[in-house]
Amino acid sequence: MTALTDLDLKGKRVLVRVDFNVPIDDNCHVGDDTRMRESLPTINYLRKQGCKVVLMSHLGRPKGSYNAKYSLAPVAKHLQTLLGEDVVFSPDCIGREAEQMTSELKAGQVMLLENLRFYPMEENNDKEFAHKLARLADVYVNDAFGTAHRAHASTVGVTAFLPSCAGFLMEKEIANLSRVTNAPEHPFVAIIGGAKVSDKYSVIENLLGKVDKLLIGGGMANTFLAAMGDIMQKSLVEHDKVELARKMLEMPLAKEKLVLPVDLVAADGFSNDAKVRVVPTYAIPDDWMALDIGTETIELFKEHLKDAKTIIWNGPLGVFEMDKFSHGTMEIAQAVADSEAFSVIGGGDSLAAIGRCNAKNKISHLSTGGGASLEFLSGKILPGVAVLTGK
Ligand code: AMP
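Take 1 as the starting number for the sequence shown in the working numbering and just add one per residue.
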């Protein structure tokens, strides 16, 4: 990829795609700001070069129209605290006023544009919209690894109009993840959890060709278990994906590598006060639901992790937001942290679990991109990265 340091940026207006899609509470306070902090090296480098720094991001899913709930204004305020400098906020991400504001920026000054996804053209990778964004600057930098798997106007379209390069965070992510894709040390074990198979089916399929073992937990395991004939009662199952799951289970690679739960924490309701029982996957009581992996499964997963030299993990292994069903996720988080393997964790929930174990510093690479890191690790070429390499 073309790097920041490859271009002469002195004094230029630089448009930076960042991933400031951070949680904001009802009082407009930013919660976990890791993604913002991770983009500071790029922002500060540009400020030192005397650039006029124009930042753009999406926030949530406003579905193509203005919605105050998804305004980036609170994020601009928070950025001000992180930088210790005033941040100019543009209430629109395109248009004459925004253009005027960028031209009035002083050297080293930072501006944040309003949410890109207030326009449907952003996600449609609309050429004209991308051109309007490009009019705000002389150079484009992509530092938003978390959205690099999406071909949007701000990640792909805009590169047709401006000299483009990768920011420091983007470089760091690709360097660390490439270590896994290029020459992973074996045994290589992947742990995939989360709610749905449909979100991660193709990633699982691709990963099967690369890993030695692929451990599946969380809601998505239920669909596989249903495909094997277990009666999942009221558990989350994607009924329209059971057939697909069955086909995957018949693949020789899956037979050799997929590891599914053998027992589950079943509950009589979706609540922290529910009655619970650890049961084999085939013995969920009538009308109960599986909300976590069971004790035998935790031991089985740990056994596979014990000698691993490379581990990737994405997605919780149960409804870890509720204490009663967080045990599996927390035990596996601790096992990954204790491992000597080169470990990569992506996805907000898995990162939160590692944070709860106070073990962030024991992980080789914490990725700011959940979906993006999984797709990259499974061997896909990310559109937002491809345009920065010219390939
Ligand atoms: P994802 O966004 O696909 O990574 O899914 C994360 C969500 O999956 C979390 O909110 C978990 O509560 C949920 N989840 C994990 N295991 C289960 C389960 N067994 N049943 C229902 N939801 C689950």
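The C-beta atom is built at its ideal place from N, Cα and C for all residues, glycine as well.
No experiment lies behind these values; they were computed from the predicted model shown.
Per DSSP, the bridge partner or partners of residue i
| i | result |
| --- | --- |
| residue 266 | 277 and 290 |
| residue 142 | 17 and 166 |
| residue 111 | 54 and 88 |
| residue 65 | DSSP, once it has assigned bridges, lists no residue as partnering residue 65. |
| residue 346 | 314 |
| residue 365 | 344 |
| residue 30 | 24 |
Endpoints, the beta strand (DSSP E) within which residue i is located
| i | result |
| --- | --- |
| residue 310 | 310-314 |
| residue 52 | 52-56 |
| residue 39 | First-last for residue 39: undefined, no H or E at that position. |
| residue 188 | 188-192 |
Nonlocal neighbours in the same chain, by C-beta distance under 8 Å from residue i, ignoring five residues either side
| i | result |
| --- | --- |
| residue 345 | 312, 313, 314, 336, 351, 354, 363, 365, 366 and 367 |
| residue 45 | 4 and 168 |
| residue 295 | 263 and 278 |
| residue 420 | There is simply no residue 420 to check, as the chain begins at 1 and stops at 391 in what is shown. |
| residue 14 | 46, 51, 52, 53, 54, 137, 138, 139, 140 and 141 |
| residue 259 | 213, 214, 215, 216, 300, 301 and 304 |
| residue 9 | 46, 49, 51 and 139 |
| residue 176 | 344, 364, 365 and 367 |
| residue 74 | 24, 28, 29 and 30 |
| residue 117 | 58, 59, 60, 61, 62, 63, 64, 70 and 123 |
Simplified DSSP assignment, three categories, for residue i
| i | result |
| --- | --- |
| residue 152 | coil |
| residue 259 | strand |
| residue 283 | coil |
| residue 3 | strand |
| residue 391 | Its pLDDT being 44, under 50, residue 391 is placed unreliably in this model, and the value from its coordinates should be taken loosely. Three-state DSSP puts residue 391 in coil, outside helix and strand. |
| residue 228 | coil |
| residue 116 | helix |
| residue 355 | helix |
| residue 174 | helix |
| residue 11 | coil |
| residue 381 | coil |
| residue 137 | coil |
| residue 183 | coil |
| residue 157 | helix |
| residue 336 | helix |
| residue 238 | coil |
| residue 46 | helix |
| residue 60 | coil |
| residue 386 | helix |
| residue 272 | coil |
| residue 222 | helix |
Own chain, CB closer than 6 Å to residue i, minus 5 neighbours either side, in chain order
| i | result |
| --- | --- |
| residue 230 | 281 and 282 |
| residue 134 | 158, 161 and 162 |
| residue 91 | 114 |
| residue 275 | 268 |
| residue 329 | 316, 317, 318, 320 and 353 |
| residue 97 | none |
| residue 257 | 208, 213 and 214 |
| residue 110 | 53 and 87 |
| residue 248 | 254 |
| residue 146 | 19, 368, 369 and 372 |
| residue 102 | 13, 54 and 136 |
Boundaries of the alpha helix (DSSP H) in which residue i is found, first to last residue
| i | result |
| --- | --- |
| residue 302 | 295-306 |
| residue 216 | From DSSP, residue 216 is part of no alpha helix (DSSP H) but of the beta strand (DSSP E) over 213-216. |
| residue 198 | 197-208 |
| residue 325 | Careful: residue 325 lies outside any alpha helix (DSSP H) and carries neither H nor E. |
| residue 436 | The question about residue 436 has no answer, for the chain in this structure spans 1 to 391. |
| residue 82 | 73-83 |
| residue 133 | 127-134 |
| residue 246 | 242-250 |
| residue 147 | Here residue 147 belongs to no alpha helix (DSSP H), and DSSP marks it neither H nor E. |
| residue 100 | 96-104 |
Neighbourhood of residue i by C-beta distance below 7 Å, restricted to the same chain and skipping five residues each side
| i | result |
| --- | --- |
| residue 378 | 203, 206 and 207 |
| residue 339 | 305, 308 and 311 |
| residue 325 | 265, 291, 292, 318 and 319 |
| residue 209 | 253 |
| residue 38 | 169 and 368 |
| residue 387 | 156, 159 and 164 |
Closer than 7 Å: residue i CB and nearest the ligand NAD heavy atom
| i | result |
| --- | --- |
| residue 319 | As presented, the structure is devoid of the ligand NAD, carrying the ligand AMP as its sole ligands. |
Report yes or no: do three or more beta-carbon pairs, one from the stretch 215-234 and one from the stretch 252-270, lie closer than 8 Å? yes
Decide if the stretch 78-85 is in contact with the stretch 121-131; the criterion is three or more beta carbon pairs, one per stretch, under 8 Å apart. no
Does the stretch 232-243 come into contact with the stretch 185-201, if we say contact requires no fewer than three beta-carbon pairs (one atom in each stretch) closer than 8 Å? yes
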